[in-house]
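A.B. asks: Encoded as structure tokens, here's the structure I'll be asking about.
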Amino acid sequence: MSKLKHYETMFILKPTLTEEETVAQLDGVKALFEKNGAEIVATENIGIKELAYEIEKCKRGYYYVIYFKAPANSIAEIERNYRNNEELIRFMFIKYETKKEVGSWTKMSEEAIKRASK
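Taking the working numbering, I'd label the letters of the sequence shown as residues 87 to 204.
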């Protein structure tokens with residue numbers, strides 16, 4: 087197995103989803119990560135926020151952030167699945183490579199875990 091890299095993904099779900107549909111989408115994303123050899127370290131539900139501009143006729147969206155470790159070759163498959171998900175209106179991945187960046191990633195993921203446990 088290749089070495090795991092540190093990543094962060096942020097994605098926005100459509101605001102028209104019910105709470106059950108939102109939970110199902112998040113569970114589906116987590117299952118996708120596990121299927122592709124990723125290890126989720128922390129998840130953060132930022133909640134519904136106003137978008138900077140309208141996307142697919144949506145002015146708001148549910149924001150989620152996931153801190154994870156994964157083999158570099160799994161990101162392409164995760165991104166392909168994101169693109170095929172009609173309920174997901176925007177997403178991005180950030181890769182942390184240097185020692186300083188990984189330190190920042192560790193601090194942010196620990197803070198997300200603390201906020202989730204409150």
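Backbone N, C-alpha and C define an ideal beta-carbon position, used for all residues, glycine too.
#1: Taking a contact to mean a Cβ-Cβ separation below 8 angstroms, would you say residue 133 touches residue 153 in this structure?
#2: Hey, how far is the Cα of residue 181 from the Cα of residue 94?
#3: Distance check for residue 178 and residue 163, CA to CA, integer angstroms please.
#4: Leaving out five residues before and five after residue 137 in sequence, what residues of the same chain have Cβ atoms less than 7 angstroms from its Cβ?
#5: Apart from the five residues on each side of it in sequence, which residues of its chain come closer than 6 angstroms, Cβ to Cβ, to residue 168?
#6: Would you list, in sequence order, the uninterrupted alpha helix (DSSP H) runs of no fewer than 4 residues that lie entirely inside the segment 142 to 173?
#7: Under the three-state reduction of DSSP, which class applies to residue 124: helix, strand or coil?
#8: Under 8 angstroms between the Cβ atoms of residue 128 and residue 199?
#9: Beta carbon of residue 156, beta carbon of residue 122: below 8 angstroms?
#10: Note the first and the last residue of the continuous alpha helix (DSSP H) segment covering residue 186.
#11: Relative to the C-alpha of residue 114, which residue among 195, 142, 140 and 170 is closest?
#12: For residue 90 and residue 204, I'd like the C-alpha separation in whole angstroms.
C.D. replies: Looking at the atomic coordinates:
#1: Their beta carbons are not under 8 angstroms apart, which means residue 133 does not touch residue 153 by this criterion.
#2: Straight through space, the alpha carbons of residue 94 and residue 181 are spaced by roughly 7 angstroms.
#3: Linking residue 163 to residue 178 through their CA atoms gives a straight-line distance of about 14 angstroms.
#4: Here residue 137 has 144, 145, 146 and 147 as same chain residues with Cβ atoms under 7 angstroms from its own Cβ, once five neighbours each way along the sequence are excluded.
#5: For residue 168, where only same-chain residues beyond five positions count, the Cβ hits under 6 angstroms are 174 and 177.
#6: Correct list: 161 to 170.
#7: Residue 124 falls in the coil class under three-state DSSP.
#8: Taking a C-beta distance under 8 angstroms as the contact criterion, residue 128 and residue 199 qualify as a contact pair.
#9: For the pair residue 156 and residue 122, the CB atoms are nearer than the 8 angstroms cut-off.
#10: 185 to 203 is the span of the alpha helix (DSSP H), which, as asked, contains residue 186.
#11: Answer by Cα proximity: 170.
#12: Near 29 angstroms, if we compare the C-alpha coordinates of residue 204 and residue 90.
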